[in-house]
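In terms of the working numbering, the sequence shown opens at residue 62 and continues consecutively.
In this text, a Cβ means the ideal position worked out from N, Cα and C, and glycines have one as well.
Shown next, in structure tokens, is the structure this report addresses.
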Amino acid sequence: MKRIVIMGATSGIGLEVARLCIRARWRVGAAGRRKDALEALRAEAPGQVETLPIDITRDDAPELLGQLIERLGGMEIYFHASGIGSRNTELRPDIELNTLRTNGEGFVRMVTAAFAYFRSHGGGRIAVISSIAGTKGLGTAPAYSATKRMQNTYIDALAQLSRMENCGIRFTDIRPGFVATPLLSGDGHYPMLMQTEKVAARIMHILRHPRRRVIIDRRYAVLVFFWKLIPEWLWERLKIRREN
Numbered sequence: 062m063k064r065i066v067i068m069g070a071t072s073g074i075g076l077e078v079a080r081l082c083i084r085a086r087w088r089v090g091a092a093g094r095r096k097d098a099l100e101a102l103r104a105e106a107p108g109q110v111e112t113l114p115i116d117i118t119r120d121d122a123p124e125l126l127g128q129l130i131e132r133l134g135g136m137e138i139y140f141h142a143s144g145i146g147s148r149n150t151e152l153r154p155d156i157e158l159n160t161l162r163t164n165g166e167g168f169v170r171m172v173t174a175a176f177a178y179f180r181s182h183g184g185g186r187i188a189v190i191s192s193i194a195g196t197k198g199l200g201t202a203p204a205y206s207a208t209k210r211m212q213n214t215y216i217d218a219l220a221q222l223s224r225m226e227n228c229g230i231r232f233t234d235i236r237p238g239f240v241a242t243p244l245l246s247g248d249g250h251y252p253m254l255m256q257t258e259k260v261a262a263r264i265m266h267i268l269r270h271p272r273r274r275v276i277i278d279r280r281y282a283v284l285v286f287f288w289k290l291i292p293e294w295l296w297e298r299l300k301i302r303r304e305n
């Protein structure tokens, strides 16, 4: 029976993936900020699910992760689905800095904790949800797109480190397009919006049949291909449509 820890299992993609893992009869360690949501998830399958409230922006988060892993009886997969983001053309410092704390500092805090666990336990898999937003700097969401690019690069670096040390840690960087989750609720219009359940099903397939890097879905894979071809001078002149 697979044992997976899901960071960010209280809503959106993380919650739906947790439910799919339960249906697959995996052991699930669910973590997030909302205790009530975690308790509701555990009530769905008390014999399979262990929960622990964890705030990834706090210094005690790695210690709590260790406690959750111990309750679970070990861990083969660490799945990081925790993150925030919003449009911020006004460049409100509180929004930008909070995004950095969660998607930057919090991400590094938890991924390195998972790396340390696997390093001392013969290997494992770290899967993270980043975003296609890391492809180019988006003027409507500067901190969000910057932190997603950082996540992509950080995972690349850790993958190389794992190979250098031959410690058996493998990585999966999952890059969805726009998904209908609470993250985007009330935050304008998004083209090609994908349903959470379909994205979660795709991620579950990826967890069963791991790949190094995946863009969800094919439409976004094509979009990212052409994004990369746009020269910097032209990208800076593009006006991204904003609808509210």
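Check whether residue i and residue j have beta carbons under 8 Å apart
{"i": "Ile-235", "j": "Ala-188", "result": "yes"}
{"i": "Val-78", "j": "Met-136", "result": "no"}
{"i": "Ile-138", "j": "Leu-268", "result": "yes"}
{"i": "His-141", "j": "Gly-69", "result": "yes"}
{"i": "Ile-193", "j": "Val-285", "result": "yes"}
{"i": "Lys-96", "j": "Pro-123", "result": "no"}
{"i": "Ala-261", "j": "Leu-81", "result": "yes"}
{"i": "Gly-134", "j": "Arg-84", "result": "no"}
{"i": "Ser-147", "j": "Ile-156", "result": "yes"}
{"i": "Cys-228", "j": "Gly-200", "result": "no"}
Residue burial classification, residue i (beta-carbon count within 10 angstroms, cutoff 16)
{"i": "Thr-163", "result": "buried"}
{"i": "Gly-73", "result": "buried"}
{"i": "Ala-177", "result": "exposed"}
{"i": "Pro-107", "result": "exposed"}
{"i": "Ser-380", "result": "Outside the modelled stretch of the chain, which goes from 62 to 305, sits residue 380, for which no answer is possible."}
{"i": "Lys-209", "result": "buried"}
{"i": "Ile-291", "result": "exposed"}
{"i": "Ser-246", "result": "Its pLDDT being 48, under 50, Ser-246 is placed unreliably by the model, and the measurement read from it follows with that caveat. Exposed: under 16 other Cβ atoms inside 10 Å."}
{"i": "Arg-153", "result": "exposed"}
{"i": "Thr-150", "result": "exposed"}
{"i": "Arg-186", "result": "buried"}
{"i": "Met-62", "result": "exposed"}
{"i": "Glu-111", "result": "buried"}
{"i": "Gln-256", "result": "exposed"}
{"i": "Gln-212", "result": "buried"}
{"i": "Leu-129", "result": "buried"}
{"i": "Val-283", "result": "exposed"}
{"i": "Leu-99", "result": "buried"}
{"i": "Leu-295", "result": "exposed"}
{"i": "Thr-179", "result": "First, the amino acid is wrong: residue 179 is Phe here, not Thr. Phe-179 should be labelled buried."}
{"i": "Leu-76", "result": "buried"}
{"i": "Thr-214", "result": "exposed"}
Residue i Cβ short of 7 Å to the ligand GDP heavy atom set
{"i": "Cys-228", "result": "Summarising the ligand content, the structure contains no ligands, and the ligand GDP is consequently not present."}
Nearest to residue i (by Cα), restricted to the options the options
{"i": "Lys-197", "options": "Met-265, Asp-217, Leu-299 and Ser-143", "result": "Leu-299"}
{"i": "Leu-126", "options": "Trp-294, Met-171 and Trp-87", "result": "Met-171"}
{"i": "Ile-277", "options": "Trp-294, Lys-289 and Lys-259", "result": "Lys-259"}
{"i": "Arg-280", "options": "Met-265, Gly-146, Gly-238 and Lys-289", "result": "Gly-238"}
{"i": "Thr-173", "options": "Ile-145, Leu-222, Leu-295 and Leu-129", "result": "Leu-222"}
{"i": "Glu-226", "options": "Val-240, Ser-181, Ile-264 and Leu-254", "result": "Ser-181"}
{"i": "Trp-87", "options": "Phe-287, Trp-294 and Met-265", "result": "Met-265"}
{"i": "Glu-131", "options": "Ile-216, Ala-175, Phe-287 and Asp-217", "result": "Ala-175"}
Counting beta carbon pairs with one atom in the stretch 262-281 and one in the stretch 215-233, are three or more of them shorter than 8 Å? Touching, yes, given that three or more Cβ pairs across the two stretches are closer than 8 Å.
Would the stretch 166-173 and the stretch 113-122 be scored as touching if the rule is three or more Cβ pairs under 8 Å? Segment contact: the stretch 166-173 against the stretch 113-122, three or more CB-CB distances shorter than 8 Å; contact assigned.
Enumerate, from N- to C-terminal direction, the unbroken beta strand (DSSP E) stretches of 3 or more residues contained entirely within the stretch 99-146. Counting whole runs of 3 or more residues, the stretch 99-146 contains the beta strand (DSSP E) stretches 110-114 and 138-141.
Evaluate the contact criterion for the stretch 76-91 versus the stretch 99-110: three or more CB pairs, one atom per stretch, below 8 Å. As far as the Cβ criterion goes, the stretch 76-91 touches the stretch 99-110, which means the pair count is three or higher.
Jot down the residue ranges of each uninterrupted beta strand (DSSP E) in the stretch 234-298, minimum 3 residues, whole runs only, in chain order. Complete beta strand (DSSP E) runs here, min 3: 274-277.
Enumerated in chain order, which unbroken segments of the alpha helix (DSSP H) with a length of 4 residues or greater are wholly contained in the stretch 203-239? Taken in chain order, the complete alpha helix (DSSP H) segments of 4 or more residues contained in the stretch 203-239 are 203-226.
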